[in-house]
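**Student:** Questions regarding the structure given below will be posed in turn.
Protein chains in written order, with my numbering: chain A, 2 to 79; chain B, 297 to 633.
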């Protein structure tokens, strides 16, 4: 099970702070594609953190069972 | 020093820490919700010099979260209202108000004039301008920003650490600020407080600075998470022109232009021509203010490495007419007989 955490405006489009994904393994690219088709996250700027480490969205990476993936958009209020 | 006794009795602060606070200069960019939370704590803690940049005027809809202002401030400049309140909090604080919005025009001089920069803006464009200048001038930038009930804090460009644009590269995608998204005063208060805390830590040299890390605070759940940067690209190098015109020693000695020797003073051979001056690269940044930015400078050193570094440094300082002399100091001697 993979945990997805959403922040800022991405949590709003996903209508939740987190959700789980019942797969054993998925590539980062596939995951992002899936999230884009589900929530159109591609319309926002954001960074990805896997297990609290911020990694490039282009990284060739397999997300494995029990990993946590966070979508971190920049905030602009002040 | 009685005034600061409760903080100087902390072993991590002491009288030497208080002296550090007194001799430091902090620039706070933005006197909105975050700025109003940050400023009173820096002023009260005894930070000696504080610059406040904001061209905005107080509106009624600011008052619920921008707590330095009151109903009488409406319509007035934020920086003026803030200065009045803050000066009453600490009469010894040197408050410098800049009633302008930060822009590419004024950013370099402002960043240059302070030791530490606090980003309390509510605008991504301005943040990129500030980040780039902090990167160029090698000044740490304490970032804070909120989205509804969540806030982010990080310290960028700290001791060569990552910059804001390396974490969030510039993208042309929409983001909401407080005006559009809404915010509680306590949310900007909490995030501003975390920023002020990082500022004090950096000045005092204590604790772990949030460099290379992004803190996200959710005020609805009190959930606080720290994300570490792993392989975000290194800070984007400031845009500098690396193509300076190369001229020969023979051409360099012609005319009235100043020949700038950037070698250290004792290096041989010594070159003493009527229009040559020597300012070692190691002190050039400091000394460059004494040079005429509009005059042509023909730069040389021993091998051509330092002269290029000097040209890049001067270019960033606003010098326009820079030429590199091919060869090195020894070639002047043969030219000169």
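By construction, the Cβ of each residue, glycine as well, lies at the ideal position given by its N, Cα and C atoms. Remember, it's a predicted structure, so these values are computed and weren't measured experimentally.
Are residue 314 of chain B and residue 300 of chain B touching if we call contact CB-CB under 8 Å?
**Tutor:** Against the second chain, residue 314 of chain B aligns to sequence position 18. Against the second chain, residue 300 of chain B aligns to sequence position 4. Closer than 8 Å, so yes.
**Student:** Please confirm whether residue 47 of chain A and residue 73 of chain A have their CB atoms less than 8 Å apart.
**Tutor:** By 1-based counting over the first chain, the position of residue 47 of chain A is 46. By 1-based counting over the first chain, the position of residue 73 of chain A is 72. Contact flag set, yes.
**Student:** Apply the 10 Å Cβ neighbour rule to residue 21 of chain A and answer buried if 16 or more other Cβ atoms are within range, or exposed otherwise.
**Tutor:** The count along the first chain starts at 1 and reaches residue 21 of chain A at position 20. Under this definition residue 21 of chain A is an exposed residue.
**Student:** Strictly below 7 Å CB to CB, what residues from chain A border residue 397 of chain B?
**Tutor:** Here residue 397 of chain B is taken as the residue at index 101 of the second chain, counted from 1. Result: empty, since nearest Cβ-Cβ is about 13 Å, beyond 7 Å.
**Student:** Going by C-alpha distance, which of B:452, B:405 and B:390 is nearest residue 321 of chain B?
**Tutor:** One-based indexing of the second chain puts residue 321 of chain B at position 25. Checking every option, the nearest Cα to that of residue 321 of chain B belongs to B:390.
**Student:** Which residues in the same chain as residue 602 of chain B place their Cβ atom closer than 8 Å to its Cβ, once the five residues preceding and following it in sequence are excluded?
**Tutor:** Sequence index remark: in the second chain, residue 602 of chain B carries index 306 (1-based). Cβ within range, chain order: 558, 559 and 577.
**Student:** Compute the Euclidean distance between the alpha carbons of residue 78 of chain A and residue 334 of chain B, then round it to the nearest angstrom.
**Tutor:** Residue numbering aside, residue 78 of chain A sits at position 77 when the first chain is read from its first letter. Residue numbering aside, residue 334 of chain B sits at position 38 when the second chain is read from its first letter. In a straight line, the C-alpha of residue 78 of chain A is about 15 Å away from that of residue 334 of chain B.
**Student:** Taking only the alpha-carbon atoms, compute the straight-line gap between residue 396 of chain B and residue 427 of chain B and give it to the nearest angstrom.
**Tutor:** As a first step, residue 396 of chain B is located in the second chain; it is residue number 100 there, counting from the start. As a first step, residue 427 of chain B is located in the second chain; it is residue number 131 there, counting from the start. Looking at the two C-alpha atoms, the distance is approximately 18 Å.
**Student:** Which class does residue 596 of chain B belong to by DSSP, given the choice of helix, strand or coil?
**Tutor:** Your numbering for residue 596 of chain B matches position 300 in the second chain. Strand, per DSSP.
**Student:** Pull up the distance between the alpha-carbon of residue 591 of chain B and that of residue 57 of chain A, whole angstroms please.
**Tutor:** Taking the second chain and counting its residues from 1, one reaches residue 591 of chain B at position 295. Taking the first chain and counting its residues from 1, one reaches residue 57 of chain A at position 56. Cα atoms of residue 591 of chain B and residue 57 of chain A: separation of roughly 45 Å, rounded to the nearest angstrom.
**Student:** Taking residue 450 of chain B as the query, report the chain A residues whose CB atoms sit under 7 Å from its CB, ordered along the chain.
**Tutor:** In the second chain, residue 450 of chain B corresponds to position 154, counting from 1. Under the 7 Å cutoff, chain A gives no residues; its nearest Cβ is about 10 Å from residue 450 of chain B.
**Student:** Would you say residue 419 of chain B reaches chain A, if we count a Cβ-Cβ gap shorter than 8 Å as a contact?
**Tutor:** By one-based count along the second chain, residue 419 of chain B stands at place 123. It does; some Cβ of chain A falls within 8 Å.
**Student:** Count the other C-beta atoms from every protein chain shown that fall within 10 angstroms of the C-beta of residue 28 of chain A, then say buried if there are 16 or more, exposed otherwise.
**Tutor:** Walking along the first chain from the start, residue 28 of chain A turns up at place 27. So residue 28 of chain A ends up on the exposed side.
**Student:** Using 8 Å as the limit for Cβ to Cβ distance, is residue 10 of chain A near chain B?
**Tutor:** In the first chain, residue 10 of chain A corresponds to position 9, counting from 1. Closer than 8 Å: yes.
**Student:** By how many angstroms is the C-alpha of residue 459 of chain B removed from the C-alpha of residue 614 of chain B?
**Tutor:** To locate residue 614 of chain B, count along the second chain from 1; it is residue 318. To locate residue 459 of chain B, count along the second chain from 1; it is residue 163. Roughly 23 Å between the two C-alpha positions.
**Student:** When you check each C-beta in the region 33–47 of chain A against every C-beta of chain B, which residues fall closer than 8 Å?
**Tutor:** 44, 45 and 46
**Student:** Could you confirm whether any beta carbon from chain A is found closer than 8 Å to the beta carbon of residue 369 of chain B?
**Tutor:** Position 73 of the second chain, counted from the start, is the residue given in the question as residue 369 of chain B. Closer than 8 Å: no.
**Student:** In the DSSP assignment, find the alpha helix (DSSP H) that holds residue 559 of chain B and state where it starts and stops.
**Tutor:** Against the second chain, residue 559 of chain B aligns to sequence position 263. Careful: residue 559 of chain B lies outside any alpha helix (DSSP H) and carries neither H nor E.
**Student:** Where residue 311 of chain B and residue 63 of chain A are concerned, what is the direct C-alpha to C-alpha distance, given to the nearest angstrom?
**Tutor:** Counting from 1 along the second chain, the entry for residue 311 of chain B is found at position 15. Counting from 1 along the first chain, the entry for residue 63 of chain A is found at position 62. So the two alpha carbons sit approximately 53 Å from each other.
**Student:** For residue 464 of chain B, go through chain A and note every residue whose CB falls closer than 7 Å to its CB, in chain order.
**Tutor:** Here residue 464 of chain B is taken as the residue at index 168 of the second chain, counted from 1. Under the 7 Å cutoff, chain A gives 46, 48 and 75.
**Student:** Should residue 329 of chain B be labelled buried (16 or more other beta-carbon atoms within 10 Å of its own) or exposed?
**Tutor:** Residue mapping note: residue 329 of chain B aligns to position 33 of the second chain, counting from 1. Burial call: buried.
**Student:** Rounded to the nearest angstrom, what separates residue 623 of chain B and residue 572 of chain B at their Cα positions?
**Tutor:** Here residue 623 of chain B refers to the residue found at position 327 of the second chain. Here residue 572 of chain B refers to the residue found at position 276 of the second chain. The straight-line gap from Cα to Cα measures roughly 16 Å.
**Student:** Taking 6 Å as the limit between beta carbons, can you name the residues of its chain near residue 502 of chain B, skipping five residues before and five after?
**Tutor:** For the purposes of this step, residue 502 of chain B is taken as residue 206 along the second chain, with counting starting at 1. Excluding positions up to five away in sequence, the list reads 308.
**Student:** Cα separation between residue 454 of chain B and residue 547 of chain B?
**Tutor:** In the second chain, residue 454 of chain B corresponds to position 158, counting from 1. In the second chain, residue 547 of chain B corresponds to position 251, counting from 1. Going by the C-alpha atoms only, they are around 43 Å apart.
**Student:** To the nearest angstrom, report how far apart residue 398 of chain B and residue 332 of chain B are at their CA atoms.
**Tutor:** Numbered from 1 along the second chain, position 102 holds the residue referred to as residue 398 of chain B. Numbered from 1 along the second chain, position 36 holds the residue referred to as residue 332 of chain B. One C-alpha to the other measures close to 17 Å.
**Student:** Find the residues of chain A that neighbour residue 416 of chain B, judging by a C-beta separation of less than 8 Å, and give them in chain order.
**Tutor:** As a first step, residue 416 of chain B is located in the second chain; it is residue number 120 there, counting from the start. By Cβ distance, chain A contributes 79.
**Student:** Identify every residue that forms a DSSP beta bridge with residue 514 of chain B.
**Tutor:** Residue mapping note: residue 514 of chain B aligns to position 218 of the second chain, counting from 1. Looking at the DSSP output, residue 514 of chain B shares a beta bridge with B:446 and B:519.
**Student:** Who are the Cβ neighbours of residue 483 of chain B in its own chain at under 7 Å, not counting the five residues just before and after it?
**Tutor:** Within the second chain, numbered from 1, the residue matching residue 483 of chain B stands at position 187. The answer, listed in chain order, is 442, 445, 447 and 515.
**Student:** Can you give me, in chain order, the residues of the region 615–627 of chain B that have a beta carbon less than 9 Å from any beta carbon in chain A?
**Tutor:** none
**Student:** Over the uninterrupted beta strand (DSSP E) stretch that includes residue 611 of chain B, give me the two end residues.
**Tutor:** For the purposes of this step, residue 611 of chain B is taken as residue 315 along the second chain, with counting starting at 1. Counting along the chain, residue 611 of chain B falls outside any beta strand (DSSP E), though it belongs to the alpha helix (DSSP H) covering 601–612.
**Student:** Leaving aside the five residues before and after residue 509 of chain B along the sequence, list all residues of the same chain whose C-beta is less than 6 Å from its C-beta, in chain order.
**Tutor:** The sequence position of residue 509 of chain B within the second chain is 213, counting from 1. For residue 509 of chain B, same chain residues with a beta-carbon under 6 Å away, outside a window of 5 residues either side, are 522 and 524 in chain order.
**Student:** Evaluate residue 382 of chain B with the Cβ neighbour count: other Cβ atoms within 10 Å of its Cβ, from every protein chain shown; 16 or more gives buried, anything less gives exposed.
**Tutor:** Within the second chain, residue 382 of chain B is the residue found at index 86, counting from 1. Buried, since its Cβ has 16 or more Cβ neighbours within 10 Å.
**Student:** Can you pull the chain D residues whose beta carbon is under 9 Å from the beta carbon of residue 506 of chain B, in chain order?
**Tutor:** Checking the listed chains, one finds no chain D in this structure; the protein chains it contains are A and B.
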